[in-house]
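Residues 6 to 103, numbered by our numbering, are exactly what the sequence shown covers, in order. The beta-carbon is built from N, C-alpha and C at its ideal position, and this holds for glycine as well.
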Amino acid sequence: MLDNRVAFGMQMAILSRMYPCKECADHFKEVLRANPVETGSQAEFSQWLCHVHNVVNRSLGKLVFPCERVDARWGKLDCEQRACDLQGTMTNLGNAAH
């Protein structure tokens with residue numbers, strides 16, 4: 006089984022190959038090389054995503070998002086035992102209605 010860092014790194018690498026614009030894909034690959042995926046915790050990964058998003062926005066001359074507001078904007082994902090939803094409300098995947 007892959008650890009989170011490797012799995013998310015692979016996911017971002019795959020994403021960088023899926024861009025229809027070669028220039029954008031190459032730029033995103035550079036961004037990933039300069040900013041390795043951080044997956045020590047969910048909070049760390051959320052902050053990394055925000056930072057990388059802002060790196061791209063700066064390069065495009067767009068506004069950056071204040072990363073301290075990530076949880077307020079998109080909700081905090083607080084998981085235990087691999088079963089959760091937004092705001093940390095636990096769900097029981099074994100008994101969930103399909």
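Rounded Cβ spacing between residue i and residue j (contact assumed at less than 8 Å)
i, j, result
"tyrosine 24", "alanine 30", "4 Å"
Distance, residue j Cα to residue i Cα
i, j, result
"glycine 45", "cysteine 26", "31 Å"
"leucine 68", "valine 60", "10 Å"
"arginine 63", "leucine 37", "15 Å"
"glutamate 35", "glutamate 28", "11 Å"
"cysteine 72", "histidine 56", "7 Å"
Residue j beta carbon less than 8 Å from that of residue i
i, j, result
"arginine 10", "valine 42", "yes"
"histidine 58", "phenylalanine 50", "no"
"valine 75", "glutamine 52", "yes"
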